[in-house]
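In my numbering, the protein residues as written are 21 to 452.
Where a beta carbon is used, it is the ideal one built from N, C-alpha and C, also for glycine.
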């Protein structure tokens, strides 16, 4: 049956699609067995003569379909078209059986509704509604075209045209409502599953952040002692006569002490960002001073010059958030690594929310970075650990109740926008 396998399309070896096909195949076996038992009982026990050859031929088609499905399902991925095709075969066989056994006067005509429910559960988009139209049309066609079926006088009955029309209307209405509500339920379940997946992803990212914070905190503690020892040694060397008589050595010694002090400040910021304080009270400042200080500090240590622009009419008091400052610094560093020559930090208000935008004229973001914004280690850079800048930005803003977005600018370069509620870092007016 190669032509039948090709018609069915690829079917799944595993996953929900493959399980649905197997469940549908089991239901088809049960339907075929039930139809066979009913046909034999009515024909040989009750004595109502049925056209056995075409009716058993329709059952043979169902059996052949199931055999073909079982052969293909282990080798090919499932498709919506394949499920739709198999359901159409089921509907065609059921229509054949009903046509040969009384049409709409056959009580089993309501089995069309089972096909509608299965289609609403398993099919996507227009195909589930196509099954409603197809079964409703076939119901009407059976009412018009099915030949009279001779029954014993005790069982015979004649359906009036208004009754048949009302039955068709009832079937169409029921099928439409079933498709509507079942598809909505399926969509609600899918959205619920998507939310659960997003929550699991967020929990995994937060756990990743916690591990990184613990690692950074441990490294900061371990590095603090040797840096303090180096600072003491540099102080002792400054008093050495040979060094004291050499201005060049003294200048080098001062540079080394400045770098050691800078390293200790960085470690202090790491500990503060990880939730530990090394005897320093939180720094209170104003928003404009805080942002300008970040840009000035970055400009002192980097070659390119970043500009700071703001459209803020007020300058509220805030607590200098080290994590937010480091996030902005990381974004400025990313702009340099992207080849930017001009970098600007812009700030403005959006209601009660602060909006910060880092704009540059660099190479911009590949589409893969924009599609996976906030995922760790997603980067075009080859070095180990690259790609954490945006990941950390997303998670820092998330803890502050904010969001991060990124885009490529029309004239070249990129723009990363941070949006956060001012209440997350501001100091209440009544605070001393």
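- The count of Cβ pairs closer than 8 Å, one atom from the region 375 to 388 and one from the region 427 to 436, reaches three, so the stretches are in contact.
- Here DSSP, grouped into helix, strand and coil, assigns residue 435 to strand.
- Residue environment: residue 47 is assigned as exposed (fewer than 16 neighbouring CB atoms within 10 Å of its CB, all protein chains considered).
- In this structure, residue 247 keeps its C-beta atom at 9 Å or more from the C-beta atom of residue 315.
- Taking a contact to require three or more Cβ pairs closer than 8 Å, the region 414 to 425 and the region 433 to 443 qualify as touching.
- Annotated three-state conformation of residue 430 is coil, per DSSP.
- Excluding sequence positions up to five before and after residue 348, its CB lies within less than 6 Å of the CB of 314, all in the same chain and listed in chain order.
- Membership of residue 370 in the beta strand (DSSP E) is indicated by the continuous run 363 to 370.
- Counting C-beta pairs with one atom in each stretch, the region 140 to 147 and the region 200 to 214 have three or more that are closer than 8 Å, which means they touch.
- Taking C-alpha positions only, residue 112 is separated from residue 223 by approximately 49 Å.
- For residue 308, the uninterrupted alpha helix (DSSP H) segment begins and ends at 307 to 321.
- Within the same chain, 247 come within 6 Å of residue 283 by CB-CB distance, once the 5 residues on both sides are set aside.
- In this structure, residue 45 lies near residue 86, with their beta-carbon atoms less than 9 Å apart.
- Under the three-state reduction of DSSP output, residue 63 falls in the helix class.
- In the structure shown, the three-state DSSP call for residue 272 is helix.
- Rounded to whole angstroms, the separation of the alpha carbons of residue 279 and residue 243 is 14 Å.
- In chain order, 441, 442 and 443 place their CB closer than 8 Å to the CB of residue 372, counting only its own chain and leaving out the 5 sequence neighbours on each side.
- Close CB contacts of residue 179 within its chain, under the 6 Å cut and outside five residues either way in sequence, are with 125 (chain order).
- Close CB contacts of residue 417 within its chain, under the 7 Å cut and outside five residues either way in sequence, are with 423, 424, 438 and 440 (chain order).
- Taking C-beta separations shorter than 7 Å and ignoring five residues to either side along the sequence, the partners of residue 318 in its chain run 326, 349 and 352, following chain order.
- Burial check for residue 154: the Cβ neighbour count within 10 Å reaches 16 or more, so the residue is buried.
- Using a Cβ distance threshold of 9 Å, residue 122 and residue 64 do not count as a contacting pair.
- Counting the other Cβ atoms within 10 Å of the Cβ of residue 115 gives 16 or more, which makes it buried.
- Taken in chain order, the whole alpha helix (DSSP H) runs of length 4 or more contained in the region 139 to 177 are 146 to 165.
- Closest in alpha carbon position to residue 73, among 84, 60, 67 and 66, is 60.
- Under the 10 Å beta carbon count, residue 274 is surrounded by fewer than 16 other beta carbons and is classified as exposed.
- When only Cα atoms are considered, residue 447 and residue 390 end up about 34 Å apart.
- Sorting 362, 339, 165 and 269 by C-alpha distance to the C-alpha of residue 435 places 362 at the top.
- In the three-state reduction of the DSSP assignment, residue 376 falls in the strand class.
- In summary, residue 384 is buried, with 16 or more beta-carbon neighbours lying within 10 Å of its beta-carbon over all protein chains present.
- Around residue 156, the same chain offers 191, 192 and 195 as residues with beta carbons nearer than 7 Å, after the five sequence neighbours per side are excluded.
- DSSP, read as helix, strand or coil, puts residue 440 in strand.
- Residue 267 and residue 355 have their C-alpha atoms roughly 39 Å apart.
- Between residue 329 and residue 367, the alpha-carbon positions lie close to 6 Å from each other.
- Here residue 260 carries a coil assignment [DSSP, helix/strand/coil].
- Per DSSP, the beta bridge partners of residue 328 are 365.
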